[in-house]
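Letter by letter, the sequence shown follows residues 14 to 147 in this note's numbering.
The beta-carbon is built from N, C-alpha and C at its ideal position, and this holds for glycine as well.
Treat the numbers as computed from the prediction; the structure is a model and nothing was measured.
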Amino acid sequence: MYPQAEEKNKSKNESNHTVRPLSKIVVPPVKQVTIEGGTFDELEDIYLDQGLISGKAEECLYVKTTEGDYVIDTSTKQLSNGIWLIDIDGMKSIVKIARIPGNRIIVHQDDTSFECSVDDVEVIGRAVKVIKSI
(Lines of atoms letter the chains of each structure in order from A and count residues from 1; the text may use other names and numbers.)
(Lines give C-alpha, C1' and ligand atoms only; values in the text may rest on other atoms or scores of the structure.)
Protein backbone atom coordinates (compact mmCIF):
# COMPACT_ATOMS: atom_id res chain seq x y z
CA MET A 1 0.00 0.00 0.00
CA TYR A 2 2.65 2.53 1.05
CA PRO A 3 6.09 1.21 -0.06
CA GLN A 4 7.98 3.77 1.99
CA ALA A 5 6.13 2.81 5.16
CA GLU A 6 6.93 -0.87 4.56
CA GLU A 7 10.63 -0.01 4.11
CA LYS A 8 10.60 1.83 7.46
CA ASN A 9 9.00 -1.12 9.25
CA LYS A 10 11.56 -3.57 7.88
CA SER A 11 14.13 -4.61 10.48
CA LYS A 12 17.55 -3.01 10.07
CA ASN A 13 19.15 -6.47 10.27
CA GLU A 14 17.17 -7.89 7.36
CA SER A 15 18.82 -8.04 3.97
CA ASN A 16 18.23 -9.57 0.58
CA HIS A 17 21.65 -11.31 0.54
CA THR A 18 22.03 -15.02 -0.01
CA VAL A 19 23.31 -16.92 3.03
CA ARG A 20 26.06 -19.44 2.22
CA PRO A 21 27.67 -22.01 4.51
CA LEU A 22 30.91 -20.83 6.11
CA SER A 23 32.78 -23.79 4.59
CA LYS A 24 32.00 -22.50 1.09
CA ILE A 25 33.24 -19.01 1.94
CA VAL A 26 36.45 -19.89 3.78
CA VAL A 27 37.91 -22.86 1.91
CA PRO A 28 36.86 -26.25 0.56
CA PRO A 29 37.64 -29.27 2.75
CA VAL A 30 41.10 -30.81 2.76
CA LYS A 31 41.55 -34.60 2.84
CA GLN A 32 43.02 -35.73 6.19
CA VAL A 33 44.99 -38.93 6.86
CA THR A 34 47.25 -40.51 9.44
CA ILE A 35 50.20 -42.73 8.60
CA GLU A 36 50.04 -46.05 10.44
CA GLY A 37 52.59 -48.72 9.58
CA GLY A 38 53.45 -47.05 6.28
CA THR A 39 49.85 -46.86 5.04
CA PHE A 40 47.22 -44.12 5.05
CA ASP A 41 44.26 -44.30 7.41
CA GLU A 42 41.67 -41.80 6.19
CA LEU A 43 40.07 -39.43 8.67
CA GLU A 44 37.25 -36.93 8.33
CA ASP A 45 38.03 -34.01 6.00
CA ILE A 46 39.39 -30.90 7.72
CA TYR A 47 38.75 -27.19 7.09
CA LEU A 48 41.86 -25.02 7.23
CA ASP A 49 42.33 -21.28 7.15
CA GLN A 50 43.17 -20.17 3.60
CA GLY A 51 46.47 -18.76 4.92
CA LEU A 52 47.71 -22.28 5.69
CA ILE A 53 47.16 -23.45 2.13
CA SER A 54 49.57 -22.26 -0.54
CA GLY A 55 47.59 -23.62 -3.47
CA LYS A 56 44.29 -25.25 -4.23
CA ALA A 57 42.65 -27.14 -1.36
CA GLU A 58 41.96 -30.04 -3.73
CA GLU A 59 45.74 -30.46 -4.19
CA CYS A 60 46.48 -30.52 -0.44
CA LEU A 61 46.62 -33.35 2.03
CA TYR A 62 46.64 -32.94 5.84
CA VAL A 63 48.83 -35.67 7.37
CA LYS A 64 48.83 -36.41 11.11
CA THR A 65 51.83 -38.27 12.52
CA THR A 66 53.23 -38.85 16.01
CA GLU A 67 55.94 -36.24 15.27
CA GLY A 68 53.54 -33.52 14.07
CA ASP A 69 50.99 -32.51 11.47
CA TYR A 70 51.84 -31.59 7.88
CA VAL A 71 50.08 -29.75 5.07
CA ILE A 72 51.26 -31.48 1.89
CA ASP A 73 51.06 -29.94 -1.59
CA THR A 74 50.41 -32.97 -3.81
CA SER A 75 50.84 -30.96 -7.03
CA THR A 76 54.61 -30.62 -6.42
CA LYS A 77 56.50 -33.66 -7.71
CA GLN A 78 60.01 -32.39 -8.60
CA LEU A 79 62.24 -33.40 -5.67
CA SER A 80 64.39 -30.72 -4.08
CA ASN A 81 65.73 -30.10 -0.58
CA GLY A 82 62.98 -30.11 2.02
CA ILE A 83 60.38 -32.21 3.81
CA TRP A 84 58.44 -34.61 1.59
CA LEU A 85 55.74 -37.26 1.75
CA ILE A 86 57.08 -40.19 -0.25
CA ASP A 87 56.40 -43.85 -0.93
CA ILE A 88 59.32 -46.29 -0.82
CA ASP A 89 58.46 -49.89 -1.68
CA GLY A 90 54.82 -49.31 -0.73
CA MET A 91 55.63 -47.66 2.62
CA LYS A 92 54.53 -44.05 2.97
CA SER A 93 56.49 -41.70 5.22
CA ILE A 94 57.39 -38.08 5.88
CA VAL A 95 61.12 -37.59 5.32
CA LYS A 96 63.70 -34.85 4.95
CA ILE A 97 65.41 -34.98 1.56
CA ALA A 98 68.70 -33.49 0.39
CA ARG A 99 69.30 -33.60 -3.36
CA ILE A 100 72.89 -34.32 -4.46
CA PRO A 101 74.56 -34.46 -7.89
CA GLY A 102 74.01 -37.45 -10.15
CA ASN A 103 70.21 -37.45 -9.82
CA ARG A 104 70.56 -38.85 -6.31
CA ILE A 105 69.06 -37.94 -2.94
CA ILE A 106 69.85 -38.46 0.72
CA VAL A 107 66.74 -39.48 2.66
CA HIS A 108 66.69 -38.63 6.39
CA GLN A 109 64.08 -40.18 8.66
CA ASP A 110 64.31 -40.08 12.44
CA ASP A 111 67.87 -41.21 13.31
CA THR A 112 68.58 -43.00 10.03
CA SER A 113 69.54 -41.85 6.57
CA PHE A 114 70.42 -43.44 3.26
CA GLU A 115 71.34 -42.45 -0.27
CA CYS A 116 69.39 -43.57 -3.32
CA SER A 117 68.38 -42.58 -6.83
CA VAL A 118 65.52 -40.13 -7.36
CA ASP A 119 63.80 -42.92 -9.31
CA ASP A 120 63.79 -45.21 -6.25
CA VAL A 121 61.09 -43.16 -4.48
CA GLU A 122 57.58 -42.17 -5.49
CA VAL A 123 56.82 -38.56 -4.61
CA ILE A 124 53.37 -37.91 -3.13
CA GLY A 125 53.98 -34.25 -2.28
CA ARG A 126 56.02 -31.57 -0.55
CA ALA A 127 55.32 -30.32 2.98
CA VAL A 128 54.38 -26.64 2.83
CA LYS A 129 53.43 -26.29 6.51
CA VAL A 130 54.61 -28.22 9.57
CA ILE A 131 52.65 -28.03 12.84
CA LYS A 132 54.44 -29.41 15.91
CA SER A 133 53.72 -29.38 19.62
CA ILE A 134 56.51 -28.14 21.86
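From the DSSP output, in three-state form, read off Asp-62 for me. On the sequence shown, position 49 is the one that residue 62 refers to. In the structure shown, Asp-62 sits in coil (DSSP, three-state: anything other than H, G, I, E or B).
Whole-number beta carbon distance between Ile-110 and Trp-97, since they are thought to touch under 8 Å: To locate residue 97, count along the sequence shown from 1; it is residue 84. To locate residue 110, count along the sequence shown from 1; it is residue 97. Yes, Trp-97 and Ile-110 are in contact; Cβ-Cβ is about 5 Å, under 8 Å.
Could you please give the first and the last residue of the uninterrupted beta strand (DSSP E) stretch that includes Glu-128? As a working mapping, residue 128 is identified with position 115 in the sequence shown. Segment 125-130, the beta strand (DSSP E) holding Glu-128.
Three CB pairs or more closer than 8 Å across the region 76-91 and the region 114-121: no
Just the C-alpha distance for Asp-132 and Ile-99, rounded to the nearest angstrom, thanks. Translated into positions along the sequence shown, residue 132 becomes position 119. Translated into positions along the sequence shown, residue 99 becomes position 86. In a straight line, the C-alpha of Asp-132 is about 12 Å away from that of Ile-99.
Do Leu-74 and Lys-105 have their C-beta atoms within less than 7 Å of each other? The residue given as residue 74 occupies position 61 in the sequence shown. The residue given as residue 105 occupies position 92 in the sequence shown. Not in contact: Leu-74 and Lys-105 (Cβ atoms no closer than 7 Å).
Can you check whether the CB of Lys-145 is closer than 7 Å to the CB of Leu-158? Residue 158 is absent from the structure shown; the chain starts at 14 and stops at 147.
Alpha helix (DSSP H) segments (min. 4 residues) lying fully within the region 72-103: none
Residue from Lys-69, Thr-52 and Cys-129 whose Cα sits closest to the Cα of Gly-103: To locate residue 103, count along the sequence shown from 1; it is residue 90. Of the candidates Lys-69, Thr-52 and Cys-129, the one whose C-alpha sits nearest the C-alpha of Gly-103 is Thr-52.
Among the candidates Arg-139, Gly-138, Ile-137 and Gly-115, whose CA atom is the shortest distance from the CA of Cys-129? In the sequence shown, counting from the first residue as 1, residue 129 sits at position 116. Taking only the C-alpha atoms, the option nearest Cys-129 is Gly-115.
Based on Cα-Cα distance, which residue from Glu-57, Ser-67 and Ile-101 lies nearest to Lys-77? On the sequence shown, residue 77 is found 64 positions in, with the first residue counted as 1. When only C-alpha atoms are compared, the closest one is Glu-57.
Give the C-beta separation of Thr-89 and Gly-138 to the nearest angstrom, bearing in mind that I take them to be a contact with Cβ-Cβ under 8 Å. Along the sequence shown, read from residue 1 onward, the residue named residue 89 stands at position 76. Along the sequence shown, read from residue 1 onward, the residue named residue 138 stands at position 125. Indeed, because the Cβ distance is near 6 Å, the residues count as touching under 8 Å.
Going along the chain, which residues of its own chain have a beta-carbon closer than 7 Å to the beta-carbon of Gly-68, five neighbours each way excluded? As a first step, residue 68 must be located in the sequence shown, where it is residue number 55. Only Asp-86 and Ser-88 meet the Cβ criterion.
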